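Position one of the sequence shown corresponds to residue 41 (the working numbering), numbered consecutively onward.
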Amino acid sequence: MVDFKIDNVLKRIEDQEKFEQENPHDMLNSEKVLAIGRNTGIFYNILLQSISAKKILEIGMSVGYSTIWFAEAIKKNPNGKIITIDQNKKKIERAKKNFNDAGVSDLIEIRIGDALEVLSEINDELNSSESLDFVFIDADKERYTQYFDAVIPLVKPGGLIGADNILYPKRFQKFTNLYVNHVRKKQNIRSVTIPIDNGEELSIKLS
Ligand SMILES: C[S@@+](CC[C@H](N)C(=O)[O-])C[C@H]1O[C@@H](n2cnc3c(N)ncnc32)[C@H](O)[C@@H]1O
Numbered sequence: 041m042v043d044f045k046i047d048n049v050l051k052r053i054e055d056q057e058k059f060e061q062e063n064p065h066d067m068l069n070s071e072k073v074l075a076i077g078r079n080t081g082i083f084y085n086i087l088l089q090s091i092s093a094k095k096i097l098e099i100g101m102s103v104g105y106s107t108i109w110f111a112e113a114i115k116k117n118p119n120g121k122i123i124t125i126d127q128n129k130k131k132i133e134r135a136k137k138n139f140n141d142a143g144v145s146d147l148i149e150i151r152i153g154d155a156l157e158v159l160s161e162i163n164d165e166l167n168s169s170e171s172l173d174f175v176f177i178d179a180d181k182e183r184y185t186q187y188f189d190a191v192i193p194l195v196k197p198g199g200l201i202g203a204d205n206i207l208y209p210k211r212f213q214k215f216t217n218l219y220v221n222h223v224r225k226k227q228n229i230r231s232v233t234i235p236i237d238n239g240e241e242l243s244i245k246l247s
């Protein structure tokens, strides 16, 4: 069972997304929720609980749907923390309200700005120490490989990296294929595509 407050917010965002999909021309793309599917949320939630994840980094938060699924997975962990990045001010305001309503704000630190710049700051702050249990990549698809290379020094051996939209929408496949080929060439990475919702590339850092 998902906590009542959390479930209410998740369902509210799902309703917003359904409305956007049914009325695609009523809203600018930059204002759309564009969240992972519910099954993907449940998938990562189970995965994060099974590895007792503590520290999570998300690249591409939008209004916080995926972030809330991650928060639900780590909320009982006293050291649980999520750093999440986005550059869209309107979405950040919506995410803050969603986190507040879901009662998970204390677990989440929002970093505002261009993801590559923020990642460089985070790298400095963490001194490249391998402290992250999970990284989720879901921002501009053109830069997935750059995001992967920027975060990999920060991931613990045994830590996981997930990336969304590997299979759909088809217009992203040019970039996500590059990402998949890129990660699978790395010696210390094992990786597989999971055909759930829009398709997830799930990778483990072996050493
Ligand atoms: C697909 S949405 C993220 C959805 C979210 N992970 C979820 O499932 O609920 C992508 C988000 O990435 C953000 N984004 C895109 N490019 C970015 C960049 N270069 N730096 C920071 N954020 C970026 C967009 O503003 C957008 O909110």
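Here a beta-carbon is modelled for each residue, glycine too, at the ideal position from N, C-alpha and C. Being a predicted model, the structure only gives us computed values, none of them experimental.
(request) Determine whether the Cβ of Asn140 lies closer than 8 Å to any Cβ atom of chain B. (result) In the displayed structure, chain B is absent; only one protein chain is listed.
(request) Report back the beta-carbon spacing between Val73 and Glu60 to the nearest angstrom; my notes put them in contact at under 8 Å. (result) Indeed, because the Cβ distance is near 6 Å, the residues count as touching under 8 Å.
(message) Going by DSSP, what residue range makes up the alpha helix (DSSP H) through Gly81?
(response) Start and end: Arg78 to Ser90.
(message) Can you tell me whether Glu170 is helix, strand or coil according to DSSP?
(response) The three-state secondary structure of Glu170, taken from DSSP, is coil.
(message) Can you tell me whether Leu200 is helix, strand or coil according to DSSP?
(response) Three-state result, Leu200: strand.
(request) Look up Asp126 in the DSSP assignment and give the residues it is bridged to. (result) Paired residues: Ile152.
(request) Check Ile177 in the structure and name its three-state DSSP category. (result) Judged by DSSP in its simplified three-state form, Ile177 adopts strand.
(request) Have a look at Glu165, Val220, Gly153 and Asn167 and flag the residue whose alpha-carbon is nearest the alpha-carbon of Lys130. (result) The residue with the shortest Cα to Cα distance from Lys130 is Gly153.
(message) Can you tell me whether Ile99 is helix, strand or coil according to DSSP?
(response) Strand, per DSSP.
(request) Please indicate yes or no: does the CB of Ala75 lie closer than 7 Å to some heavy atom of ligand 2? (result) Ligand 2 is not part of this structure, which contains only ligand 1.
(request) With hydrogens ignored, establish whether the beta-carbon of Met101 is closer than 7 Å to any heavy atom of ligand 1. (result) True, at least one ligand heavy atom lies under 7 Å from that Cβ.
(message) Less than 8 Å between the C-beta atoms of Ala155 and Ile99, yes or no?
(response) Closer than 8 Å, so yes.
(request) Kindly examine ligand 1 and report whether one of its heavy atoms sits closer than 7 Å to the Cβ of Asn128. (result) In this structure, Asn128 has its CB closer than 7 Å to one or more heavy atoms of ligand 1.
(request) Measure from the alpha carbon of Asp189 to the alpha carbon of each residue in Ser168, Ile206 and Tyr208, then state which is nearest. (result) Measuring from the Cα of Asp189, the nearest candidate turns out to be Ser168.
(request) Identify whether Leu242 lies in helix, strand or coil by the three-state DSSP scheme. (result) It is a strand residue.
(message) Helix, strand or coil for Ile114? Go by DSSP, reduced to three states.
(response) In the structure shown, the three-state DSSP call for Ile114 is helix.
(message) Our contact map puts Gly81 next to Trp109 with C-beta atoms below 8 Å; I'd like the distance itself, whole angstroms only.
(response) About 4 Å separates the Cβ atoms of Gly81 and Trp109, confirming a contact at the 8 Å cut-off.
(message) How far does the alpha helix (DSSP H) with Arg52 in it extend, from its first residue to its last?
(response) Unbroken alpha helix (DSSP H) run through Arg52: Phe44 to Glu62.
(request) State the CB to CB distance for the pair Ile177 and Ala203, rounded to an integer number of angstroms; the pair is presumed to be in contact (CB under 8 Å). (result) With a Cβ gap of about 4 Å, Ile177 and Ala203 count as contacting.
(message) Would Ile122 and Ile148 qualify as a contact pair, given that the criterion is a beta-carbon distance under 8 Å?
(response) Taking C-beta atoms as the reference points, Ile122 and Ile148 count as a pair closer than 8 Å.
(message) Can you tell me whether Ser19 is buried or exposed? The criterion is at least 16 other CB atoms within 10 Å of its CB, across all chains shown.
(response) Since the first residue of the chain shown is 41 and the last is 247, residue 19 is not available in this structure.
(request) Report the rounded CA-to-CA distance for Ser90 versus Glu54, giving the unit in angstroms. (result) Roughly 25 Å between the two C-alpha positions.
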